[in-house]
Amino acid sequence: MKTRLGERIGVRALAFFLLAVSFAIGGLSLFGTLWCENCNWYANRQAESYFETEAFYGEIERDTTTIAQIAGAEGEPDWAESIYSPQNSNLTYELWEVSGKDPMGEGTLLSATYTASTDTISGSATIPRQSFYYDEGAEDVWYRVDWTVDCTLPVGDSYYYEYLLFVNLYDERYFLPAVAAASLAFSLGLLIFLLWNAGRAPGGQRNAGPAGFLPLEAYLLLTVGGGALCLALMSNGAQNILGTVLWLLGLWGGFLFFTDALMGICARARAGVLFRHSLSGAVLRWTWRLVRGFFRWLRDSFAALPLVWGAMMGGVCVLLGETVLTLIAFDSYELFFWLLWFGAQVLLLAVLCRFFAGLHQLRLVSRKMAQGDLSVRVPAKKLWGPLREQGEDLNRISEGMSAAVDERLRSERFKADLITNVSHDLKTPLTSIINYVDLLQKQPLEPQAAEYAAVIARQGQRLKKLTEDLVEASKASSGSLPVNAEPTDLAELLTQAVGEYAPRLEKSNLEPVLQLPGEPVWSMLDGRLTWRVVDNLLSNACKYSQPGTRVYVEAEQREGRAWLRVKNISRQQLNIPADELMERFVRGDSSRTTEGSGLGLNIARSLAELQNGEFGLAIDGDLFKAWASFPLSAPPVREEPPADVPNLTQASVSVPAQLPLPT
Numbered sequence: 001m002k003t004r005l006g007e008r009i010g011v012r013a014l015a016f017f018l019l020a021v022s023f024a025i026g027g028l029s030l031f032g033t034l035w036c037e038n039c040n041w042y043a044n045r046q047a048e049s050y051f052e053t054e055a056f057y058g059e060i061e062r063d064t065t066t067i068a069q070i071a072g073a074e075g076e077p078d079w080a081e082s083i084y085s086p087q088n089s090n091l092t093y094e095l096w097e098v099s100g101k102d103p104m105g106e107g108t109l110l111s112a113t114y115t116a117s118t119d120t121i122s123g124s125a126t127i128p129r130q131s132f133y134y135d136e137g138a139e140d141v142w143y144r145v146d147w148t149v150d151c152t153l154p155v156g157d158s159y160y161y162e163y164l165l166f167v168n169l170y171d172e173r174y175f176l177p178a179v180a181a182a183s184l185a186f187s188l189g190l191l192i193f194l195l196w197n198a199g200r201a202p203g204g205q206r207n208a209g210p211a212g213f214l215p216l217e218a219y220l221l222l223t224v225g226g227g228a229l230c231l232a233l234m235s236n237g238a239q240n241i242l243g244t245v246l247w248l249l250g251l252w253g254g255f256l257f258f259t260d261a262l263m264g265i266c267a268r269a270r271a272g273v274l275f276r277h278s279l280s281g282a283v284l285r286w287t288w289r290l291v292r293g294f295f296r297w298l299r300d301s302f303a304a305l306p307l308v309w310g311a312m313m314g315g316v317c318v319l320l321g322e323t324v325l326t327l328i329a330f331d332s333y334e335l336f337f338w339l340l341w342f343g344a345q346v347l348l349l350a351v352l353c354r355f356f357a358g359l360h361q362l363r364l365v366s367r368k369m370a371q372g373d374l375s376v377r378v379p380a381k382k383l384w385g386p387l388r389e390q391g392e393d394l395n396r397i398s399e400g401m402s403a404a405v406d407e408r409l410r411s412e413r414f415k416a417d418l419i420t421n422v423s424h425d426l427k428t429p430l431t432s433i434i435n436y437v438d439l440l441q442k443q444p445l446e447p448q449a450a451e452y453a454a455v456i457a458r459q460g461q462r463l464k465k466l467t468e469d470l471v472e473a474s475k476a477s478s479g480s481l482p483v484n485a486e487p488t489d490l491a492e493l494l495t496q497a498v499g500e501y502a503p504r505l506e507k508s509n510l511e512p513v514l515q516l517p518g519e520p521v522w523s524m525l526d527g528r529l530t531w532r533v534v535d536n537l538l539s540n541a542c543k544y545s546q547p548g549t550r551v552y553v554e555a556e557q558r559e560g561r562a563w564l565r566v567k568n569i570s571r572q573q574l575n576i577p578a579d580e581l582m583e584r585f586v587r588g589d590s591s592r593t594t595e596g597s598g599l600g601l602n603i604a605r606s607l608a609e610l611q612n613g614e615f616g617l618a619i620d621g622d623l624f625k626a627w628a629s630f631p632l633s634a635p636p637v638r639e640e641p642p643a644d645v646p647n648l649t650q651a652s653v654s655v656p657a658q659l660p661l662p663t
C-alpha cells in the first residue's frame with residue numbers, strides 16, 4: 001500500500017518544526033506591528049530620530065511622575081537617586097518644590113542626579129502634589145522635574161532598548177503586518193495538517209502517538225500544564241524589554257504545548273482509545289460494570305426465587321387454611337372441625353420443629369468445623385429440601401479440608417523425616433572427622449598444622465551442634481518429642497540455670513540479676529524440655545549481649561500462669577522484627593560472625609508450645625526481651641511415710657566414743 005505524505009513521521013516532525021518557526025516569526029511580526037501602533041508610528045509624521053517619537057516622551061512622562069512621587073510626595077530622595085543615578089539610568093534630573101502660582105519660578109531643591117554632558121536633550125515637567133496625596137494646602141504645592149537624557153545612551157535601560165526597537169522596526173513598520181499575516185496563515189495551515197494526520201501510520205494503520213502509553217489525564221497534565229506554565233510567564237506583561245521577551249517566549253511555548261495536546265487528543269481519537277486509555281474512562285467503565293453487576297444480581301435473585309416463592313406460597317396457604325378452619329370451627333361448634341383445626345396446628349408445629357432441628361444440626365456441625373474438628377459430618381439423609389443441599393455442601397467442604405490437612409501433615413512429616421535422615425547420615429562421617437582430628441591433636445604437630453587441626457576440630461563441633469539442633473527443631477516442631485510433665489518449681493529451675501551459667505556470664509563480662517518471688521512458682525512442666533528453653537535463652541544472652549551490662553532473669557505467677565523472662569542489652573542493632581527472629585536460621589547477628597545456628601529461639605518456642613505454653617519476643621531499641629508462660633499447677637502432694645517406719649528425727653542412735661580406724 002502506498003504511504004501517504006501525512007503518514008510519514010519525518011514529514012510530521014518537519015511540519016511541527018516549521019509550525020514553531022512560522023508561529024515565532026508571525027508572533028514577533030504581530031508584536032512589532034502592535035508596538036508600532038502603540039507608539040503612533042503609523043499616524044505621525046516621519047521621525048528623524050528616536051528622541052522625536054511619542055514613545056520617548058511617554059517614557060519621560062512616566063519617569064518624571066515616578067521621581068515626583070518617590071522623592072517628593074513620599075519623601076524618599078535617596079531611593080529615587082539610586083534608581084536614576086548616572087550609572088543606572090540615561091535620565092538625570094533635578095527635583096524642585098515650587099509654588100503652583102509660578103511652577104517655573106524659584107523653589108526648593110529636593111533631589112538631584114544631574115551631571116553635565118555634551119550630547120543631551122533636556123526639558124521640564126511639572127506635577128501637582130494633589131496627583132499623589134490630598135491634604136490641606138497641597139493645592140499650592142507643585143513639583144518641577146528638570147530632566148536631561150544623554151543622547152549617547154551609555155546605560156542599558158528602557159531608553160536604550162526602545163532606541164534599539166526604533167532602529168530595527170521603524171523603517172520596516174509597514175512591512176511587519178504583511179509578514180505577520182502570511183506567517184500566521186502558514187501556521188494555521190500547518191496546524192490543520194498536523195491535526196488531520198495525527199495518529200496515522202504507514203500502511204493505513206493508526207496509533208495513539210508517541211505518548212500513547214500514558215493515560216489521557218497524565219498526558220494532558222504534562223502538555224496543558226506545560227502550556228499553563230509558559231502562559232504564566234506572560235502574567236507580568238511587557239513592561240520592559242525583559243518582560244517583553246518573557247511574554248513572547250511564554251506565548252510561543254504555550255502555543256506549542258497546546259498544539260501537542262490537540263495532536264495527542266486527535267491521535268487517540270483516531271486510534272479509538274481516547275477514553276479507553278484514560279482514568280476517567282476507567283472510572284466510567286467501572287461504574288458501568290457496577291451497574292451491570294447490580295442488574296445481574298437482581299436477575300440472579302429473581303432466578304433463585306422459587307425457594308423464596310415456595311416459602312411465601314406455603315406461608316400464604318397455611319395462613320388461608322388457618323383462617324378458614326378457624327372461622328368454620330368457631331362458627332359451627334362441631335367437634336370434627338375443632339379436631340381438624342387442632343390437627344392442623346400439630347402438623348404445622350411438627351413441620352416447624354423438623355425444619356429448625358435440621359437448621360440447628362447445620363449450626364452445630366458448622367461450629368465444630370470452625371473449631372477445627374474436620375471429622376464431623378452432617379446427616380444429610382435426615383434432612384429435606386434446601387437443608388439437605390446445604391448439609392451435603394458442608395460435608396464436601398469438610399472432606400476437602402481434611403484432605404488438605406492430611407496432605408499438609410504428610411508433607412511436614414516427610415520434611416521432618418528428611419531432616420532426621422540427612423542429619424543422621426551426616427553424623428557418621430562427622431563423628432569420624434571429629435575423632436580423627438582429636439587423634440591428630442594428640443600427636444606432635446608443627447605449630448601451623450596444630451592450628452589447622454584446632455580449626456577443623458572447632459568447626460566440626462559446630463557442625464555437630466548444628467545437626468543436633470536441626471534434628472531437635474524438627475522433632476519439636478512436629479510434636480514427636482515425648483513430654484513427661486510433672487509439677488515443677490520454675491523459680492528453682494531458673495536459680496539452678498543462672499548458677500550453672502555464672503562462669504559463662506562472668507567470662508562474657510555480664511552480670512546476672514535474678515528476680516524471683518518469695519514463693520515457689522509451680523507449673524506442669526517437663527524439666528528436661530523447660531531446661532532446654534532456659535538454656536537457649538541464656539546461651540543467646542551470652543553470645544549477643546553488650547559486655548558490661550546486666551542480664552535479667554525473672555519468674556512470677558500472674559493471671560493464672562507461670563511466667564519466665566530473660567532481658568538483655570543487644571551488642572548490635574536489632575533491625576529485624578521479633579517474629580522473624582523466631583524463624584529457623586534467622587540470627588540477630590546479620591554479619592553471622594558469631595557462633596550459633598539460628599535455631600535456638602525456634603526450638604525454644606516449639607518446646608514451650610509442646611508443654612501447652614506460649615513463647616514470645618519483644619524488641620525495644622537495643623533491649624531484647626524473651627518470655628514464656630505456662631499454666632499454673634498445684635504443688636506436688638508429698639506422701640506420708642507408713643506407720644511402721646521409724647521417725648529418724650526422733651530416734652536415738654548410740655555412737656561409740658571412738659570409731660575403730662581401718663587397718
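Quick note: the sequence shown uses the numbering used here, first residue 1, plus one each step.
Glycine included, C-beta positions come from ideal geometry on N, C-alpha and C.
- The criterion of a C-beta distance shorter than 7 Å is not satisfied by A578 and L537.
- If only complete runs of 4 or more residues are kept, the segment 130-176 shows the alpha helix (DSSP H) at 158-169, in order along the chain.
- Taking C-alpha positions only, V566 is separated from A485 by approximately 23 Å.
- Relative to the Cα of D146, the nearest Cα in the group L95, A180, D393 and F166 belongs to L95.
- Of the other Cβ atoms in all chains shown, fewer than 16 fall within 10 Å of the Cβ of M401; this residue is therefore exposed.
- The beta carbons of L493 and L607 sit no closer together than 7 Å.
- Look at K507 here: in three-state DSSP terms it is helix.
- Annotation for V551: the continuous beta strand (DSSP E) segment containing it runs R550 to R558.
- As DSSP reads the structure, D620 sits in a beta bridge with L623.
- In the DSSP assignment, S111 falls outside any alpha helix (DSSP H) and within the unbroken beta strand (DSSP E) covering T108 to A112.
- Inclusion of P177 and T287 in the CB contact set at 7 Å is not warranted, their separation being larger than that value.
- Contact check for L195 and L262: beta-carbon distance about 6 Å, within the 8 Å limit, so the pair qualifies.
- D157 sits buried, since 16 or more C-beta atoms from the chains shown fall within 10 Å of its C-beta.
- In the pairwise beta carbon analysis, the segment 281-295 is classified as not touching the segment 65-79: fewer than three pairs are separated by under 8 Å.
- The beta carbon of W563 sits closer than 6 Å to the beta carbons of E556 and S629 from its chain, once the five residues preceding and following it are set aside; these are given in chain order.
- Contact between the segment 107-125 and the segment 160-167 is absent: fewer than three C-beta pairs spanning the two stretches fall below 8 Å.
- Checking the DSSP bridge columns, you'll see P386 has no partner listed.
- According to the DSSP assignment, P487 belongs to the beta strand (DSSP E) that extends over E486 to D489.
- Per DSSP, I70 lies in no beta strand (DSSP E) segment and is marked neither H nor E.
- In this structure, DSSP gives M104 a state outside helix and strand, which the three-state scheme calls coil.
- When R62, N612 and I433 are compared, the shortest CA-CA separation from L463 is found for I433.
- Restricted to the segment 513-553, the alpha helix (DSSP H) segments that are unbroken, complete and at least 4 residues in length are 527-544, listed in chain order.
- Remark: C-beta atoms of F17 and F255 do not approach each other more closely than 7 Å.
- Sixteen is the threshold: since fewer than 16 other Cβ atoms of the shown chains lie within 10 Å of the Cβ of A502, the residue is exposed.
- Counted as a single uninterrupted DSSP element, the beta strand (DSSP E) harbouring T120 occupies residues T120 to P128.
- If you check the CB distance, Q611 and D526 come in under 7 Å.
- Beta-bridge partners assigned by DSSP to W563: E556 and S629.
- Excluding the 5 residues flanking it on each side, R571 has same chain C-beta neighbours closer than 7 Å at Y544, S545 and Q546, in chain order.
- The C-alpha of L14 is placed about 15 Å away from the C-alpha of R200.
- For L91, there is no enclosing alpha helix (DSSP H); the residue is found in the beta strand (DSSP E) stretching over L91 to S99.
- No residue range can be given for I576, since it is assigned to no alpha helix (DSSP H) and is classified by DSSP as neither H nor E.
- In the DSSP annotation of this structure, the continuous segment of the alpha helix (DSSP H) that includes L28 starts and ends at I9 to N38.
- A direct Cα-to-Cα measurement between R605 and A357 gives close to 44 Å.
- Under the three-state reduction of DSSP output, F615 falls in the strand class.
- Listed in chain order, the non-local C-beta contacts of A453 below 7 Å within the same chain comprise V437, L440, Q441 and L445, local neighbours out to five positions each way being set aside.
- When DSSP states are grouped into helix, strand and coil, N395 belongs to the helix group.
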